[in-house]
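There are 2 protein chains.
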Amino acid sequence: MAAAISVKDVAARAGVSVGTVSNVLNRPDRVSPETRDRVSAAIAELGFVRNESARHLRAGSSRTVGLVVLDVANPFFTDVARGVEDTASAAGLAVILCNTDEKTTKEDAYLELLEEQRVRGILITPADAISDRLTELRRRGTPVVLLDRKAAGRDQCSVSVDDRKGGDLAVSHLLESGHRRIAFVGGPLSIAQVADRLRGARAAVKRAGLPEAALIVTSTLGHNVAAGRLAVQELVTMAKRKAPTAVFCANDLLALGALQELSHRGFRVPADMAIVGYDDIDFASAAMVPLSSVRQPRHQLGRTAAELLIEEADNAAGHKHRQVVFEPELIVRESSTRLRRAPR
Amino acid sequence: MAAAISVKDVAARAGVSVGTVSNVLNRPDRVSPETRDRVSAAIAELGFVRNESARHLRAGSSRTVGLVVLDVANPFFTDVARGVEDTASAAGLAVILCNTDEKTTKEDAYLELLEEQRVRGILITPADAISDRLTELRRRGTPVVLLDRKAAGRDQCSVSVDDRKGGDLAVSHLLESGHRRIAFVGGPLSIAQVADRLRGARAAVKRAGLPEAALIVTSTLGHNVAAGRLAVQELVTMAKRKAPTAVFCANDLLALGALQELSHRGFRVPADMAIVGYDDIDFASAAMVPLSSVRQPRHQLGRTAAELLIEEADNAAGHKHRQVVFEPELIVRESSTRLRRAPR
DNA sequence: CACCGATTGTGAATCGTTTCATTGTTGAGC
DNA sequence: GCTCAACAATGAAACGATTCACAATCGGTG
Numbered sequence: 221m222a223a224a225i226s227v228k229d230v231a232a233r234a235g236v237s238v239g240t241v242s243n244v245l246n247r248p249d250r251v252s253p254e255t256r257d258r259v260s261a262a263i264a265e266l267g268f269v270r271n272e273s274a275r276h277l278r279a280g281s282s283r284t285v286g287l288v289v290l291d292v293a294n295p296f297f298t299d300v301a302r303g304v305e306d307t308a309s310a311a312g313l314a315v316i317l318c319n320t321d322e323k324t325t326k327e328d329a330y331l332e333l334l335e336e337q338r339v340r341g342i343l344i345t346p347a348d349a350i351s352d353r354l355t356e357l358r359r360r361g362t363p364v365v366l367l368d369r370k371a372a373g374r375d376q377c378s379v380s381v382d383d384r385k386g387g388d389l390a391v392s393h394l395l396e397s398g399h400r401r402i403a404f405v406g407g408p409l410s411i412a413q414v415a416d417r418l419r420g421a422r423a424a425v426k427r428a429g430l431p432e433a434a435l436i437v438t439s440t441l442g443h444n445v446a447a448g449r450l451a452v453q454e455l456v457t458m459a460k461r462k463a464p465t466a467v468f469c470a471n472d473l474l475a476l477g478a479l480q481e482l483s484h485r486g487f488r489v490p491a492d493m494a495i496v497g498y499d500d501i502d503f504a505s506a507a508m509v510p511l512s513s514v515r516q517p518r519h520q521l522g523r524t525a526a527e528l529l530i531e532e533a534d535n536a537a538g539h540k541h542r543q544v545v546f547e548p549e550l551i552v553r554e555s556s557t558r559l560r561r562a563p564r
Numbered sequence: 221m222a223a224a225i226s227v228k229d230v231a232a233r234a235g236v237s238v239g240t241v242s243n244v245l246n247r248p249d250r251v252s253p254e255t256r257d258r259v260s261a262a263i264a265e266l267g268f269v270r271n272e273s274a275r276h277l278r279a280g281s282s283r284t285v286g287l288v289v290l291d292v293a294n295p296f297f298t299d300v301a302r303g304v305e306d307t308a309s310a311a312g313l314a315v316i317l318c319n320t321d322e323k324t325t326k327e328d329a330y331l332e333l334l335e336e337q338r339v340r341g342i343l344i345t346p347a348d349a350i351s352d353r354l355t356e357l358r359r360r361g362t363p364v365v366l367l368d369r370k371a372a373g374r375d376q377c378s379v380s381v382d383d384r385k386g387g388d389l390a391v392s393h394l395l396e397s398g399h400r401r402i403a404f405v406g407g408p409l410s411i412a413q414v415a416d417r418l419r420g421a422r423a424a425v426k427r428a429g430l431p432e433a434a435l436i437v438t439s440t441l442g443h444n445v446a447a448g449r450l451a452v453q454e455l456v457t458m459a460k461r462k463a464p465t466a467v468f469c470a471n472d473l474l475a476l477g478a479l480q481e482l483s484h485r486g487f488r489v490p491a492d493m494a495i496v497g498y499d500d501i502d503f504a505s506a507a508m509v510p511l512s513s514v515r516q517p518r519h520q521l522g523r524t525a526a527e528l529l530i531e532e533a534d535n536a537a538g539h540k541h542r543q544v545v546f547e548p549e550l551i552v553r554e555s556s557t558r559l560r561r562a563p564r
């Protein structure tokens, strides 16, 4: 491995001072054309590459932002991540993507790492309540924007979607289709989005004048396909007259799992069991039975969050915190449509 | 924003020298228990957080690795990424995930950024041929492991899956099922994996004693759902006696797109058109028509690549380059099974 | 011809951490 | 009581880039 090339080597090669090399790099207009060419040539010949660590040690902050999500394998988050990346890279910032698997221990470890890196700011979907570390980190001056989660107060930026409304939309739709016993699948409820979707679901049930028990809450331990299958296994063992005729899943991965398990067991969707998912990921419409789902503006969520973060990072003093809330939209597909022919 | 706390502040508060603070941080056994406690207390009180830039400026290399993939929204890559992350985080390394969208310009920009960050090493699925920048970067001492692409020589580590074999498996299966005109969908062919899968497909056709024309090659401009839909639109306009009866897609996103478009146009799968995909992503089995696909050990691909990278980074001198090649496996599902009842 | 301002280039100080040669302290062993 | 080793702690140098006050050079002007 060749020894690393520094500005000093470039300066020696070009026969100028290190200050001049730095000027060529950062304010080329202050350097005469001949010198500039000589330095550029030296840079090319030696294969000099700037050392960001040194740069930012001096400058104070780095050119990276942290993006902390619950699950990178969930298409919802990859779409959000692309939105973040688009905006960040346009501003010359790199994104460090961190995956917590909904675990506070992993979240904590990543936050420590990001703060040590002196990232320009952090976009985070918290796995649980706002942790002490996150509060401290913010107090110490790292901008933080909450992603897919509304800030409690006005002292912080957040970008979210109205999850209560989303839950309401989904369950109202199922109620209108004639369902009277509906299962809610999702969890743990410590995740704010899930709790809000459930709250919306409850509101819809209440408004319809039905008893609370009309909503059967099944808590899962994650939001992936496997958890969806598991949840359904539980539901189908219920006594016929108490069993739900529809499921509302807190995200599409759960819904796809539910769909798989139901088909596997010979249930027809939606005749025997209707399904509504959440997120409207691309795969929802391509599923075995095209999935009804609550759509969120995923890409825009990421873009907006990154914009707010950059705004705050570039101008901490003049920055005014904003809480942006997008509206969800129900997309009805086959998995929840009443069939013309009578069921069974 | 409070001024950043440095070791100097901690030292002052604890009434020791900066060297001692550093020792508490890095070699606590060299410091007497009382001093250690005093320093630890000062760290906690002031909320001191190490500055990684400064650390690594001194140390020379950082605690991050770069992971450069073609498309983060593709579940294949997110699964690979999880494998990488598992191994990296166990070794105390953070992963910077970069998305090239199969564009060499984006790849180039990210490589520059990663080198400036002085990452410990880079895992990359190149968007095209090995770029000059990548070669230079390696020459200058950054370890690079090729991911999902076999190294041409023995002078570099790589982890890949036998794509030729995968293509062969897929097309052989279709030929055995009686198909005589098969479309290959994927591209651009500058991506090595795609070219290899096509090569395997050609080999299968040849072995079956069929003319080359039995394989209809449709080149796409990407490997997503939209490109799959587009490709099919082209195929279905072909004259009946020349049109294919089966499609082999270079990945599952294309296959899902093909499936969507075919259903949309009233074609039955597999009766009117059989489909085989590639990657066997989780959504393949949950598709409208469960998708036959060539499975790759995605998670292990990532894990192994990260292991090789760490091995090389930790011991450049004693490191022996290896080219690991995994075997693909064909998973047959409904989208390509011969139906018992006669078609049409 | 002395002086001025503009234009280029210089080099030392700086960022925060780690490292290492050195100093200061203790206590054991003779 | 002296020496020596072991242990603690110190503080200055170093990492590499940037910045900034300053010096050098030049053409033009009064």
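Protein chains in written order, with my numbering: chain Z, 221 to 564; chain D, 221 to 564.
Note that the Cβ used here is the ideal one computed from N, Cα and C, for glycine as well.
How many Å lie between residue 352 of chain Z and residue 332 of chain Z at the Cα? 12 Å
Return the chain-ordered list of same chain residues with a C-beta closer than 6 Å to the C-beta of residue 481 of chain Z, the five sequence neighbours on each side being excluded. 449 and 452
Report task. Could you pull the start and end residues of the beta strand (DSSP E) that residue 252 of chain Z belongs to? Result -> Counting along the chain, residue 252 of chain Z falls outside any beta strand (DSSP E), and DSSP gives it neither H nor E.
Touch check for the stretch 349 to 367 of chain Z and the stretch 508 to 518 of chain Z: three-plus C-beta pairs under 8 Å?
no
Inset, instruction - Take residue 445 of chain Z as the anchor and find which of D/441, D/468, D/504 and D/434 has the nearest alpha-carbon. - result: Closest by C-alpha distance to residue 445 of chain Z, out of D/441, D/468, D/504 and D/434, is D/504.
- prompt: Roughly how many angstroms separate the alpha carbons of residue 549 of chain Z and residue 403 of chain Z, rounded to a whole number?
  reply: 20 Å
With DSSP as the reference, identify every bridge partner of residue 298 of chain Z, one or two as the case may be. Paired residues: none, contrary to the question.
Along the alpha helix (DSSP H) that carries residue 278 of chain Z, what are the first and last residues, could you check? 272 to 279
Discussion item. Bridge partners for residue 354 of chain Z per DSSP, in chain order?
Written reply: Answer is none; residue 354 of chain Z lacks a bridge partner.
request  = Could you list the residues in the stretch 310 to 334 of chain Z with a C-beta less than 7 Å from some C-beta on chain D, going in chain order?
outcome  = For the stretch 310 to 334 of chain Z, which is checked against every Cβ of chain D, the residues closer than 7 Å are 314, 316, 317, 319 and 333.
- Message: If the criterion is Cβ atoms closer than 8 Å, does the pair residue 397 of chain Z and residue 495 of chain Z meet it?
- Response: no
Simplified DSSP assignment, three categories, for residue 503 of chain D = Here residue 503 of chain D sits in helix by DSSP.
Closest to residue 382 of chain Z by C-alpha separation, out of Z/554, Z/324, Z/547 and Z/533, would be which residue? Z/547
> What span of residues does the beta strand (DSSP E) with residue 513 of chain Z cover, start to end?
Replying inline: In the DSSP assignment, residue 513 of chain Z falls within the unbroken beta strand (DSSP E) covering 512 to 515.
Notebook entry, point to check: Closer than 8 Å, Cβ to any Cβ of chain Z: which residues of the stretch 479 to 494 of chain D, in chain order?
Noted result: 479 and 480
Simplified DSSP assignment, three categories, for residue 549 of chain Z: In the structure shown, residue 549 of chain Z falls within a strand segment according to DSSP collapsed to helix, strand and coil.
- Query: Nearest to residue 296 of chain Z by CA position, among Z/498, Z/493, Z/487 and Z/346, is which residue?
  - Reply: Taking only the C-alpha atoms, the option nearest residue 296 of chain Z is Z/498.
- Task: Using alpha carbons as the reference points, say which of D/478, D/390, D/377 and D/471 lies closest to residue 525 of chain D.
- Result: D/377
Secondary structure of residue 362 of chain Z, DSSP reduced to three states: In the three-state scheme derived from DSSP, where H, G and I count as helix and E and B as strand, residue 362 of chain Z is classed as coil.
| said: With the cut-off set at 8 Å, would you say residue 408 of chain D and residue 439 of chain D are in Cβ contact? | reply: yes
field: Nearest residue (CA-CA) to residue 511 of chain D, options D/522, D/392, D/493 and D/527
entry: Nearest C-alpha to residue 511 of chain D: D/493.
- If you check the beta carbons only, do residue 279 of chain Z and residue 230 of chain Z fall under 8 Å apart? no
- Message: Which same chain residues end up closer than 6 Å to residue 500 of chain D when comparing Cβ atoms and leaving out the 5 residues on each side of it in sequence?
- Response: 513, 515 and 551
Open item on the list: Strictly under 8 Å for the Cβ-Cβ distance: is residue 352 of chain D near chain Z by that measure?
Closed with: no
**Prompt:** Is the CB of residue 282 of chain Z under 8 Å away from at least one CB in chain D?
**Reply:** Using beta-carbon distances, residue 282 of chain Z counts as an interface residue toward chain D, with a partner under 8 Å.
Using a cut-off of 8 Å between C-beta atoms, extract the partners of residue 295 of chain Z located in chain D. Result: 293 and 295.
Which of helix, strand or coil does DSSP assign to residue 398 of chain Z? Taken through DSSP and simplified to helix, strand or coil, residue 398 of chain Z comes out as coil.
To the nearest angstrom, how far is the alpha carbon of residue 392 of chain D from that of residue 427 of chain D? For residue 392 of chain D and residue 427 of chain D, the distance between alpha carbons rounds to 9 Å.
query = Anyone know if the C-beta pair for residue 288 of chain D and residue 343 of chain D falls short of 8 Å?
reply = At the C-beta level, residue 288 of chain D and residue 343 of chain D come within 8 Å of one another.
Which full runs of the alpha helix (DSSP H) of 4+ residues lie inside the stretch 428 to 471 of chain D, going along the chain? 445 to 455
- Would you kindly work out how many angstroms separate the C-alpha atoms of residue 371 of chain D and residue 386 of chain D, rounded to a whole number? 18 Å
Item checked: Straight-line Cα distance separating residue 463 of chain D from residue 432 of chain D -> Answer to the nearest angstrom: the Cα atoms are 15 Å apart.
query = Would you say residue 277 of chain Z reaches chain D, if we count a Cβ-Cβ gap shorter than 8 Å as a contact?
reply = yes
- C-beta neighbour in chain Z for residue 476 of chain D, strict 8 Å: yes
- What is the rounded straight-line gap between the Cα of residue 590 of chain Z and the Cα of residue 291 of chain D? Only positions 221 to 564 of chain Z appear in this structure, which leaves residue 590 of chain Z out of reach.
Say whether chain Z places a C-beta atom closer than 8 Å to the C-beta of residue 375 of chain D. no
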